[in-house]
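In numbering that gives the first Met the number 0, the protein residues as written are 0 to 392.
Worksheet for the structure shown next.
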Amino acid sequence: MPSSPRLRLVVGAALLAALTGGVASSPVAYGAPASPAATRAASPAPDMARVAAALRAAVAEGAPGAMARFTGPQGVRARTTGVRDRASGAAMDIRARFRVGSVSKTFTAVVVLQLVDEGRLVLDAPVNRYLPGLLPDDRITVRHLLTHRSGLADYTDKMFHETVPGFEAVRNRVFGHRELVDLSLSEPRTTEPGAAYKYSNTNFVVAGMLIERATGNPVAREYRRRIAGPLRLRSTSYVHPDTRIEGLHARGYLHPDEAGAPLVDSTEQTVSWAQSAGAVISDPADLNTFMTALMRGRLLSPRMLDAMTTVLPTDTTKTRHYGLGLRRYDLTCGAQVYGHTGTVQGYYTYAFATRDGSRSLAAMANTSNRGGANTALGGTLEAAFCGPKPSAP
């Protein structure tokens, strides 16, 4: 998940059925305030014809298949196109699981913010307070990690400078957290701590290390007991370093850098190069549930949810913003949606919801390193949250 469009990861982690052992304490349970009726009434119905057109456009741009699932006051609506498996020709299936890439970062941020609420971490404390000597600058705080303002270089830029050779070099490799951090520290830092937004997977690798230090448990267990378990996300898992996606799933296909070169089936991999920055597996229904529950306050206290959704612009258009492990997109109709995008080899993902949690969208195309397909898939947001385009005068 480098900072180039070639591989921008969005991923988290969750369900390990094989996890055993006692839990010292139960995760905090938060209320679920209902969305205002007036907001629901004013919400436009999704334009599913435009959603379907965006999916077809992603396929036209090189994705074997694509799908989207919308939840709102009008109920659940879903669309699919293309195939989930090029070898068998099996059609894309809305129930299929896939690698969500950097959407995993939102899972990670939720756990970190729960630990802040529990007093085990402090947002504005130096990371080195909890992980002594890990980072070369005591000014880098927990908040800097979650907002991508630490200045730590993204090691994936160099790792995936050549897309397919870079991927094949790490497909089956198992990294330790410190190995990944050391790869980052071998590169010049990008900014002074807190000075500017600069996306880096390193931030969320370190965030995973904070989770494990604060709880004494693997991140997989914390994702499971704090998010996947309470929300009953039965298709969400964090299987690192296993390479398989169990059950019904969409296979992922990576585009080489060379024009016309054949697609590479990238489904099986450890995703150890990403871990808590992008190794979660899920499906559209679970992503809808996760984003809806997050926005409705079921996972965080009001104080932490307000902190998470307090955003700053990330580009000159000021339509893209970032909070604490959470993006905000400002759409052309005036709607604001919160969530995350994800890119991991073979998969593009969008998972977003309105601030009141009344509407959510999860969309996926089973390809990557194909910017046109990613842009086309992003068109599902406008179609779903803005509804039909106004008629021309």
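Beta carbons: idealized from backbone N, C-alpha and C, even for Gly.
Being a predicted model, the structure only gives us computed values, none of them experimental.
Residue i (DSSP reduced to helix, strand or coil)
{"i": "Thr-363", "result": "According to the sequence as given, residue 363 is Met; it is not Thr. The answer is strand: DSSP assigns Met-363 an E or B state."}
{"i": "Asp-116", "result": "helix"}
{"i": "Thr-309", "result": "coil"}
{"i": "Tyr-347", "result": "strand"}
{"i": "Val-99", "result": "coil"}
{"i": "Met-0", "result": "Caution is warranted here: a pLDDT of 47 is assigned to Met-0, below 50, making its placement in the model unreliable, and the coordinate value is therefore given only provisionally. Coil."}
{"i": "Leu-376", "result": "helix"}
{"i": "Leu-323", "result": "coil"}
{"i": "Gln-394", "result": "Beyond the ends of the chain as shown, which are 0 and 392, falls residue 394; an answer cannot be given."}
{"i": "Thr-140", "result": "strand"}
{"i": "Thr-38", "result": "Low per-residue confidence applies at Thr-38: pLDDT is 44, beneath 50, and the placement is therefore not dependable enough to give any value."}
{"i": "Leu-182", "result": "helix"}
{"i": "Pro-45", "result": "coil"}
{"i": "Pro-229", "result": "helix"}
{"i": "Thr-214", "result": "helix"}
{"i": "Val-126", "result": "helix"}
{"i": "Leu-18", "result": "Unreliable placement is indicated for Leu-18, whose pLDDT of 29 sits below 50; the coordinate value is still reported in the next sentence. Three-state result, Leu-18: coil."}
{"i": "Thr-155", "result": "helix"}
{"i": "Thr-353", "result": "strand"}
{"i": "Leu-54", "result": "helix"}
Residue i versus residue j: straight-line alpha-carbon distance, rounded
{"i": "Ser-271", "j": "Gly-341", "result": "16 Å"}
{"i": "Gly-193", "j": "Leu-184", "result": "17 Å"}
{"i": "His-239", "j": "Leu-230", "result": "21 Å"}
{"i": "Asp-225", "j": "Gln-274", "result": "Here residue 225 turns out to be Arg, not Asp, going by the sequence shown. Rounded to whole angstroms, Arg-225 to Gln-274 spans 18 Å at the Cα level."}
{"i": "Glu-221", "j": "Gly-370", "result": "34 Å"}
{"i": "Thr-315", "j": "Glu-117", "result": "37 Å"}
{"i": "Val-9", "j": "Thr-374", "result": "Summary for Val-9: the model assigns pLDDT 34, below 50, so the residue's position carries little reliability, and this model does not support an answer."}
{"i": "Leu-114", "j": "Arg-223", "result": "15 Å"}
{"i": "Ser-281", "j": "Ala-152", "result": "28 Å"}
{"i": "Asp-137", "j": "Ala-219", "result": "28 Å"}
{"i": "Val-169", "j": "Ser-101", "result": "18 Å"}
{"i": "Ala-284", "j": "Ala-77", "result": "10 Å"}
{"i": "Arg-39", "j": "Thr-353", "result": "Per-residue confidence for Arg-39 stands at a pLDDT of 46, beneath the threshold of 50, marking its modelled position as unreliable; no derived number is given."}
{"i": "Arg-55", "j": "Thr-331", "result": "21 Å"}
{"i": "Ala-419", "j": "Thr-291", "result": "A query on residue 419 cannot be resolved here, the shown segment of the chain reaching from 0 to 392 and no further."}
{"i": "Asp-181", "j": "Leu-145", "result": "19 Å"}
{"i": "Val-75", "j": "Gly-61", "result": "27 Å"}
{"i": "Gly-345", "j": "Asn-287", "result": "21 Å"}
{"i": "Pro-261", "j": "Arg-85", "result": "12 Å"}
{"i": "Pro-164", "j": "Asp-256", "result": "10 Å"}
{"i": "Asn-368", "j": "Asp-264", "result": "13 Å"}
{"i": "Lys-388", "j": "Arg-49", "result": "9 Å"}
{"i": "Arg-172", "j": "Thr-269", "result": "7 Å"}
{"i": "Ala-258", "j": "Tyr-198", "result": "27 Å"}
{"i": "Gly-322", "j": "Ala-52", "result": "30 Å"}
{"i": "Ala-372", "j": "Pro-131", "result": "43 Å"}
{"i": "Gln-73", "j": "Leu-293", "result": "20 Å"}
Beta-carbon proximity of residue i to residue j, cut-off 8 Å
{"i": "Ile-402", "j": "Thr-214", "result": "The structure shown does not extend to residue 402, since the chain is modelled only from 0 through 392, so no value can be given for it."}
{"i": "Leu-120", "j": "Asn-127", "result": "no"}
{"i": "Gly-228", "j": "Arg-295", "result": "no"}
{"i": "Thr-162", "j": "Leu-253", "result": "yes"}
{"i": "Thr-366", "j": "Ala-67", "result": "no"}
{"i": "Leu-396", "j": "Arg-142", "result": "With the chain running from 0 to 392 in the structure shown, residue 396 is simply not present."}
{"i": "Ser-359", "j": "Thr-70", "result": "yes"}
{"i": "Ala-364", "j": "Tyr-347", "result": "yes"}
{"i": "Tyr-129", "j": "Arg-212", "result": "yes"}
{"i": "Arg-98", "j": "Val-343", "result": "yes"}
{"i": "Ala-382", "j": "Pro-43", "result": "no"}
{"i": "Ala-334", "j": "Phe-384", "result": "yes"}
{"i": "Gly-377", "j": "Tyr-337", "result": "no"}
{"i": "Val-58", "j": "Gly-81", "result": "yes"}
{"i": "Val-279", "j": "Thr-235", "result": "yes"}
{"i": "Gly-396", "j": "Glu-191", "result": "With the chain represented from 0 up to 392, any question about residue 396 goes unanswered, as that position is not in the structure."}
{"i": "Met-91", "j": "Ala-65", "result": "yes"}
{"i": "Asp-305", "j": "Thr-318", "result": "no"}
{"i": "Gly-246", "j": "Arg-96", "result": "yes"}
Minimum C-alpha distance to residue i - residue among the options
{"i": "Phe-420", "options": "Phe-203, Arg-177, Thr-366", "result": "Nothing can be reported for residue 420: it is not among the residues displayed for the chain, which extend from 0 to 392."}
{"i": "Met-158", "options": "Leu-144, Pro-229, Glu-178", "result": "Glu-178"}
{"i": "His-339", "options": "Tyr-237, Pro-255, Thr-235, Gly-277", "result": "Gly-277"}
{"i": "Thr-313", "options": "Tyr-196, Met-91, Thr-80, Ala-108", "result": "Tyr-196"}
{"i": "Gly-324", "options": "Val-110, Ala-52, Val-82", "result": "Val-110"}
{"i": "Arg-327", "options": "Asp-241, Arg-358, Thr-308, Gly-333", "result": "Thr-308"}
{"i": "Arg-188", "options": "Tyr-321, Ile-210, His-147, Met-208", "result": "His-147"}
{"i": "Ile-210", "options": "Ala-52, Gly-322, Lys-104", "result": "Lys-104"}
{"i": "Pro-398", "options": "Thr-79, His-160, His-176, His-248", "result": "The chain is shown from 0 up to 392; residue 398 falls before or after that span and cannot be answered."}
Beta-bridge pairing of residue i - partner residues as DSSP gives them
{"i": "Met-66", "result": "Thr-79, Met-363"}
{"i": "Gly-74", "result": "Gly-71"}
{"i": "Gln-335", "result": "Asp-329"}
{"i": "Ala-280", "result": "Before going further, note that residue 280 is Ile rather than Ala in the sequence given. In DSSP, Ile-280 forms a bridge with Arg-98, Ser-236."}
{"i": "Ala-90", "result": "Val-82"}
{"i": "Gly-341", "result": "Thr-348"}
{"i": "His-248", "result": "Arg-96"}
Below-8 Å beta-carbon distance, residue i vs any chain C residue
{"i": "Val-169", "result": "In the structure shown, chain C cannot be found, because there is only a single protein chain."}
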